[in-house]
Amino acid sequence: MGSFQRPRGTRDLLPGTMQRREAYLRTVRALMHGAGYGEVLTPTFEHLELFEAKSGAGIRDELYAFDDKSGRKLTLRPELTAAVMRAYLEEMTHLPKPLKLYYIANCFRYERPQAGRYREFWQIGAELLGADPLLGDVETIALAWRCLQAAGVETLHVRLGHLGLVRGLLAEGKVEQPEPVLRLLDKGDRQGLQEHLLTIGADEVAAPLLDLLAARSAPSQEQLQLATELSQSHPSILPTVGHLQRLLALLHHANVPSIHLDLAIARGFDYYTGMVFEVDVPTLGAEKQVCGGGAYDLLEAFGGVSTPTTGFAIGIDRMLLAQEQTRGAPAPLEALDVLVVPLAPQAIPLAWQLVTKVRDTTALSVEVELAGRNLGKALKYADARATTVVVIIGEREVAAGEATLRWLSDGTQRSVPIDLVAATLRAGDGSAQAPLP
RNA sequence: GCCGGGGUGGGGUAGUGGUUAUCCUAGGGGACUGUGGAUCCCUCGACCCGGGUUCAACUCCCGGUCCCGGCCCCA
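Mind the numbering: the first sequence is residues 627 to 1063 in the numbering used here, read in order.
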């Protein structure tokens, strides 16, 4: 080992890992474009005030914040939603609504690293501005579900809630500060909630809130039933109950299966206004949440015109960890399709002509043997690289205007006229095909 | 910020208050200057860092650091 280590909480991604990751991200990009979303990329750093405006000054010690040379207060972005909203207000307000944006980007948080939690991590996210609240909710959850499914992870638990319920009840109960209640609900701290409601004198809504909490893991239909019953004595939550009923029905048609209602989910920030959802991979351990999202409105707080927005963010790193649990860890290097081995000095020009032609006319990965090894060593190297075909060009081949193609899987060989090698490789002949990682 | 478990070549490991620090694997080379995955040989390469105890520390103690698991937090 050299003298230097990577900074704490960061990772080096090697070729095999990158190949798998890029395959997933390619799929995600295709899904996003297929749903009409356009990709955006915002700066890696922003003004500190942007994130303080979104999440409060308390997040400051979790940020990579710094002063630049002119004394500006900046920070590496801890997430993308605030930045995308900022960019929308700065450059995109005139675009037709609904506006659909997505991003794939790295974020930075100064937190204690754990399994699945890094100081530099990557997110896939989408934001939908100006849609009808119900239809926007369907669209957002359905899209998140498609992106999650594309990773081939076996068990995904989706939990869906709606802040209208609890906020409605709290408003009826004249509770001035809903945040502590939301937090206790989200944590599932029944006793703490009970005590807190007693302290603030919110007696009349204590019973329904505790009922919602107690029912959070019950089947969705039972929770809906409970909410419907509550709405008879608490009419302010009637619209929310109807919204959830319609949302669940529509999600069924959007092919999103098995959503578990959890009416106590809170995602404790003010700007969440309606639907909220979270997705877990249970086998990931303590840091098992791979996706979170919901309906929010940040634009007013950012000095713009209030606009209903829904969005989600997926933790790429955690998704890939979950993927490894089913697929196994990737090999460190990518496999090689073709290795061209010149065995004589006069074969070297031919080898380069050939490799150039194959690169121009096929999607195969092709190398010329670059270490000047003899054939035995070259074959051994090819084997270590999981190569499909070795093209041998020696004195005999040069004289005959041919190349010898050797398939490493079964050792079969064929002589092919040099002009036809690229076509033969492109045709694959059933074997010159890169296996999926 | 807190609690617990760890740290020996690139990966996996053995081991001890005084050794030439073990073995496997991977990398490089050779046996093998036109045929791989085998075998044999050679080679490269390590005790996380700092302080303390000691005649002597990789080993014991303290601190730090990094990794792992968990708490807090999770935008």
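Ideal Cβ positions, reconstructed from N, Cα and C, are used throughout, including at glycine.
Original post:
Terminal residues of the continuous beta strand (DSSP E) containing isoleucine 1018?
Top reply: 1015 to 1019
**OP:** Please work out which residues of its chain come closer than 8 Å, Cβ to Cβ, to valine 801, disregarding the five sequence neighbours upstream and downstream, and give them in chain order.
**Re:** Val807, Ile826, Ala828 and Val831
Subject >> Proximity winner among Asp963, Val1047, Met658 and Ile863, relative to serine 1035 (alpha-carbon distances) >> reply: Checking every option, the nearest Cα to that of serine 1035 belongs to Asp963.
Subject >> Identity of the residues DSSP links to isoleucine 730 by a beta bridge >> reply: Per the DSSP secondary-structure output, isoleucine 730 pairs in a beta bridge with Ile750.
**OP:** Would you mind working out which of Gln858, His860, Gln849 and Val984 sits nearest threonine 1050, comparing C-alpha positions?
**Re:** Val984
Subject >> Top-ranked residue by Cα proximity to glycine 660, from Cys773, Leu1046, Leu887 and Leu789 >> reply: Cys773
Original post:
Hey, glycine 1027 and isoleucine 1044 are a contact pair by Cβ (cut 8 Å); roughly how many whole angstroms apart?
Top reply: 5 Å
**OP:** Please report how far the alpha carbon of asparagine 881 lies from the alpha carbon of alanine 1010, in whole angstroms.
**Re:** 44 Å
Original post:
Buried or exposed: which applies to arginine 632, given that a residue is buried once 16 or more other Cβ atoms fall within 10 Å of its Cβ?
Top reply: exposed
Subject >> Helix, strand or coil at lysine 699 according to DSSP, with G and I counted as helix >> reply: In the structure shown, lysine 699 sits in a strand (DSSP, three-state: E or B).
Subject >> Exposed unless 16 or more other CB atoms sit within 10 angstroms - verdict on aspartate 986 >> reply: exposed
Original post:
Given 8 Å as the limit, is there contact between the region 901 to 919 and the region 782 to 793, that is, 3 or more CB pairs closer than that?
Top reply: yes
**OP:** Mind reading off the beta-carbon distance from valine 1016 to arginine 999? Whole number of angstroms is fine, and I expect it under 8 Å.
**Re:** Not confirmed; about 12 Å, so no contact.
**OP:** Using the DSSP secondary-structure output, state which residues sit across from methionine 901 in a beta bridge.
**Re:** His788
**OP:** Under the assumption that alanine 939 contacts glutamine 749 (Cβ atoms under 8 Å), give the Cβ distance between them as a whole number of angstroms.
**Re:** 5 Å
Subject >> Range covered by the alpha helix (DSSP H) that runs through proline 832 >> reply: Going by the sequence as given, residue 832 is alanine instead of proline. That run of the alpha helix (DSSP H) goes 829 to 840.
Subject >> Straight-line Cα distance separating leucine 795 from arginine 634 >> reply: 44 Å
**OP:** Could you tell me the distance, in whole angstroms, from the CA atom of glutamate 675 to the CA atom of leucine 990?
**Re:** 49 Å
Original post:
Nearest-angstrom Cα distance between aspartate 943 and glutamate 737?
Top reply: 16 Å
Subject >> Under the three-state DSSP convention, the category valine 764 falls into >> reply: Valine 764 carries a helical assignment under DSSP once its states are collapsed to helix, strand and coil.
Original post:
To which residues does DSSP link threonine 936 through a beta bridge?
Top reply: Leu754 and Ala921
Original post:
Does the region 912 to 922 come within contact of the region 862 to 875, defined as at least 3 CB pairs closer than 8 Å?
Top reply: no
Original post:
In chain order, which continuous runs of the beta strand (DSSP E) of length 3 or greater are located wholly inside the region 649 to 680?
Top reply: 671 to 673
Original post:
Given phenylalanine 671, which residues of its chain have a CB within under 7 Å of its CB, disregarding the five upstream and five downstream residues?
Top reply: Leu700, Thr701, Leu702 and Arg703
Original post:
Which residues does DSSP pair with glutamate 1028 in a beta bridge?
Top reply: Pro1043
**OP:** Name the residue from Ala955, Pro956, His720 and Leu873 whose alpha carbon lies nearest to the alpha carbon of aspartate 758.
**Re:** Selected option, being the one with the closest Cα: Leu873.
Subject >> Boundaries of the alpha helix (DSSP H) in which aspartate 693 is found, first to last residue >> reply: Where aspartate 693 is concerned, there is no enclosing alpha helix (DSSP H), although the beta strand (DSSP E) it sits in stretches over 691 to 693.
**OP:** Would you please state the rounded distance, in angstroms, between the beta carbons of aspartate 837 and alanine 890? I believe it to be under 8 Å.
**Re:** Contact flag wrong, Cβ pair sits at about 10 Å.
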